[in-house]
Each structure stands twice: as C-alpha cells, then as structure tokens.
Amino acid sequence: MALAEENAMDDGGFRMSEATAGDFFALLKPRVMSLVVFTAFVGLMAAPLSINPFIAVVAILAIALGAGASGALNMWYDADIDAVMSRTASRPVPAGRVRPGEALVFGLILSALSVMTLGVIVNWLSAALLAFTIFFYAVIYTIWLKRSTPQNIVIGGAAGAFPPVIGWAAATGTVSLESVILFLIIFLWTPPHFWALALFKSDDYGRAGVPMMPNVAGEESTRKQIFAYALLLAPVGMLPWLLGYTTAVYGLVATALGIGFIWYSWKVLLMPDGDRLMKPAKALFGFSLLYLFVIFAAYLADSIIEHALAVPGVLQ
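Residues 1 to 316 (UniProt numbering) make up the sequence shown, in order.
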C-alpha cells in the first residue's frame, strides 16, 4: 500500500488532483465570462426576431461554457508565464492546485459541449461562430500571437468581440451590419483597455517575456496609440444611433461615454515617461470597464423599449 502511494505521488506517474470545485470554476475566468455573457445577451435581445425563452437560456449557457472553455485552455498554455506575473501567479494551474493536463481536458470537454449544445438546440451558425471564437482565443491569440507580437491584443481582441454576434446569430440565424457594429465597438475598445493595464503592469509582462506594447514600443508610443484608438472608438460607439438602429437616448449616452474615453485617454497621452504612479493609466483602465458595460446596457435598454413599443398595447 505504501509503495502504491509512493508511485502515485511520483512526478512521472499519475497523481490525483487536490483541486476543489472552486479551482475549476476559477479556470473559467468568471470575471471575463461575465462580460462575454452580458455582451452576448445584448446581441441576442437586440436582434429583431424574438426567440423562445428556453432556447435563449440554452444559448446563453452554451456561450458561457464556451467562454469558460477558452479561459481554461488559456490558463493551461500560459501556466509558465502566469507563474511569474503578480496578478496571475495565484491562478489554479501555476499555483499547483490544478494540474496542466486537467485544465487542458477540462477546456476541451467544455469546448465540445458548448459548441454541440448550441448547434443541436439553437442553430449551427451560432455554434460555428462559437467554435471559431474558442479556436481564435486559444490557438491564434494564446498560442501564437500573445508571445510573438506587440499587436497581440489588437488581433486577438477579435475573440472577445464575437459574443454579441454569436448572440445575434442565435436569435436570427444570421449576421447583420448591426451585430457587426457591436463587434467593432468591443474590437476597438480592447487595445486601449489592455494597453492601459500594460502601462502600469509593464514589469509583470517584462518578467514573463510577453511583448506588450509598452515593453516593445515604449510608453510614449503606447500612449499615442491609446489616444488614436479612443478617437476611433468614440464615433463607432455612436454608429447605432447615427444609422437609426437606436433612439437619441442611446446616442446621448454613447456620445458622453465617447467624450469621457477621449478625455481619459488624453490624460494618459500627457503622462510623462517614467511616471511610476500611473494614475491616468489606472483611471482609464477603470473607466474603460465602465464604458463597455454602460454602452451595452444602454443598447440593451433601448432595444427592449423599442421592442415593447412595437407590440400593440405595451407601454401605451
């Protein structure tokens, strides 16, 4: 019995995991998943066609599982660099609570389950988009781009921008210009959001050898690119109103948020090189989270009210 236990603990053999359910839940990156679920829900609810409530719940759960699968696969592959970064060292794999092989199998099972569930119960277009999103995040971004180019977050940001398109496709079986605009909002939001983080976490990324923009191009170039993206994001956030998809209420919210994003980015642009406090960068990072939540919440509220007004006897 003692020999069997010794062999079980040998690094070259099989060792039972001591991970808890909470550790496996942490592999799903729940904070990131919550944003994915929210933007997918907005895409689903904003679509012009109504969807059976049961099908809608299944769609959102499948998208959540797909997002969690992406997170697990990312943590499996990035365990080495997560271990040397202060903000990620406590994640289940680098902390030793979950074995890499377990994270890999967990992610692959969830990937297959989420895609098949969405395809069989909802429709295969949304399932194909979800499968592509998981592949893009786990392979194109995590395995290839993240460690090879400072444009990693620019190109890789597409993975995080797909959820509203998937939600839209789940409701309609199609992809429309309106859903593409929702994609563009997240796509243009992603670089300044993560580069603001990279400015005050550049030491972390430097230790891990991840070529984030501040570590490769320098702080000044990063600040200029953040401001450039803010100038692009602000009008794109207003497009749903300008193209007649929403009311002026959304337009006012989007305009105010766009001005705020430009303002915070301008403060980052004016930061001196070597500013160790990084208060403007931290403020932009915080505001960027607020920006995405509020603009999608405004879009959702506008769509719900518009749909309600279109039904005779509702809100009349």
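All C-beta atoms in this analysis are idealised placements derived from N, C-alpha and C, irrespective of residue type, glycine included.
Query, Result
"Around the C-beta of GLU220, are 16 or more other C-beta atoms found within 10 angstroms, so that it is buried, or is it exposed?", "exposed"
"So, with DSSP's three-state summary, where would you put VAL139?", "helix"
"Which runs of the alpha helix (DSSP H) at least 4 residues long sit entirely within the segment 143-185? Give them in chain order.", "152-161 and 163-172"
"May I have the straight-line CA-CA distance separating LEU35 from SER90, to the nearest angstrom?", "22 Å"
"Can you check which of these residues, ASP273, SER70, VAL42 and THR190, is closest to LEU27 by C-alpha distance?", "SER70"
"Can you confirm whether the segment 157-174 touches the segment 117-137 when touching is taken to mean that 3 or more C-beta pairs between the two stretches lie within less than 8 Å?", "yes"
"DSSP three-state call for ASN123: helix, strand or coil?", "coil"
"Indicate the three-state DSSP secondary structure (helix, strand or coil) for ILE55 in the structure shown.", "helix"
"Would the beta-carbon of GLY43 fall within 8 Å of that of SER179?", "yes"
"To which residues of the same chain is THR142 closer than 6 Å at the C-beta, ignoring the five residues directly before and after it?", "ASN74 and TYR77"
"Quick check: what's the CA-CA separation for LEU130 versus GLY66?", "7 Å"
"Taking PRO214 and ALA198 to be in contact with their CB atoms under 8 Å, please state how far apart those CB atoms are, rounded to whole angstroms.", "5 Å"
"Put ASP273 into one of helix, strand or coil per three-state DSSP.", "coil"
"Please report the Cβ distance between VAL37 and ILE63, rounded to the nearest whole angstrom; I am assuming they are in contact, meaning their Cβ atoms lie under 8 Å.", "6 Å"
"Using a 10 Å radius around the Cβ and a threshold of 16 neighbouring Cβ atoms, would you call THR20 buried or exposed?", "exposed"
"Buried or exposed for GLU18, going by 16 or more other Cβ atoms inside 10 Å?", "exposed"
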